[in-house]
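The sequence shown begins at 18 in the numbering used here and counts up by one.
For glycine and all other residues, C-beta sits at the position ideal for the given N, C-alpha and C.
Notes follow the structure.
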Amino acid sequence: MSINRLVWSMDANSKSETWFSPLSDSRGTKLSEFIKARNLFVINEDCGPTFCGSRGSSYIDVTAIGTDLLEDVSCWHLPTYDSLSDHKAIEFDIALNSDSPTKDGDNCIFNLKKTNWKLFMDHLNTCCLELMISLSPAKIQNLYMISQRS
Numbered sequence: 018m019s020i021n022r023l024v025w026s027m028d029a030n031s032k033s034e035t036w037f038s039p040l041s042d043s044r045g046t047k048l049s050e051f052i053k054a055r056n057l058f059v060i061n062e063d064c065g066p067t068f069c070g071s072r073g074s075s076y077i078d079v080t081a082i083g084t085d086l087l088e089d090v091s092c093w094h095l096p097t098y099d100s101l102s103d104h105k106a107i108e109f110d111i112a113l114n115s116d117s118p119t120k121d122g123d124n125c126i127f128n129l130k131k132t133n134w135k136l137f138m139d140h141l142n143t144c145c146l147e148l149m150i151s152l153s154p155a156k157i158q159n160l161y162m163i164s165q166r167s
């Protein structure tokens, strides 16, 4: 199976200058080498530490992507809302191509043409309310526009 369309977000518990940690450790060096050997790319931006706990802060959360997504993933950042964790929330945008193949035999995991967008939006709104996170009007409009493509 190809990993060219992989999006891999992780609590790596490792430090590397590759994801803007001021220092690298042996785990970070090994993970950086692993990522590079598989032709993946770290998309973290220098937004500050991704972990803030009682014993300090560090840059230990990593997002890596495959080569086919390099032009489709953007705007990696740490939003300002509370993540309800000692790890900060991480957001990034993925451009969805409405012309993506969905025929049997293709490497498509989801067939968006069969998606129940009303159920999706209802569930999304419920989850957001439960977490006291409000979606911006632009993000709601973007989800609505995606739902109208099918």
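First and last residue of the beta strand (DSSP E) that includes glutamate 50? For glutamate 50, no beta strand (DSSP E) encloses it; the enclosing alpha helix (DSSP H) starts and ends at 43–54.
Determine whether the beta carbon atoms of aspartate 42 and lysine 32 lie at a separation below 7 Å. In contact: aspartate 42 and lysine 32 (Cβ atoms closer than 7 Å).
Cysteine 69 to methionine 138, Cα distance in whole Å? As the crow flies, the alpha-carbon of cysteine 69 is around 32 Å from that of methionine 138.
Let me make sure I understand the geometry here. Which of Ala29, Val59, Asp99 and Tyr76 has the alpha-carbon closest to that of serine 91? In this structure, Val59 is the residue among Ala29, Val59, Asp99 and Tyr76 with its C-alpha nearest to the C-alpha of serine 91.
Per-residue DSSP class, three states only, for glycine 122: At glycine 122 the pLDDT is 48, less than 50, meaning the model places this residue with poor confidence; the figure from the coordinates comes in the next sentence. Glycine 122 carries a coil assignment under DSSP once its states are collapsed to helix, strand and coil.
Which residue or residues does DSSP assign as beta-bridge partners of glycine 70? Answer by DSSP bridge pairing, in chain order: Gly73.
Going by DSSP, what residue range makes up the beta strand (DSSP E) through tryptophan 93? Note, tryptophan 93: beta strand (DSSP E), 90–94.
Note down, in chain order, each residue of its chain lying with its Cβ closer than 8 Å to the Cβ of phenylalanine 109, except the 5 sequence neighbours on either side. Excluding sequence neighbours, phenylalanine 109 sits near Ile60, Thr80, Val90, Ser91, Cys92, Trp93 and His94.
Residue nearest to isoleucine 77 in terms of C-alpha spacing, selected from Leu129, Asn133, Lys135 and Ser26: That would be Ser26, whose Cα lies nearest to the Cα of isoleucine 77.
I need the boundaries of the beta strand (DSSP E) containing valine 35, first residue and last residue. Valine is not the amino acid found at residue 35; the sequence shown has threonine there. For threonine 35, there is no enclosing beta strand (DSSP E), as DSSP gives it neither H nor E.
Counting along the chain, where does the beta strand (DSSP E) carrying alanine 81 start and finish? Its beta strand (DSSP E) spans residues 78–82.
Does DSSP put aspartate 110 in a helix, in a strand, or in coil? In this structure, aspartate 110 counts as strand in the three-state DSSP scheme.
Does DSSP put aspartate 28 in a helix, in a strand, or in coil? If DSSP states are grouped into helix, strand and coil, aspartate 28 belongs with the strands.
Indicate whether serine 49 and threonine 67 have their beta-carbon atoms separated by less than 7 Å. Taking 7 Å as the Cβ cut-off, serine 49 and threonine 67 do not qualify as a contacting pair.
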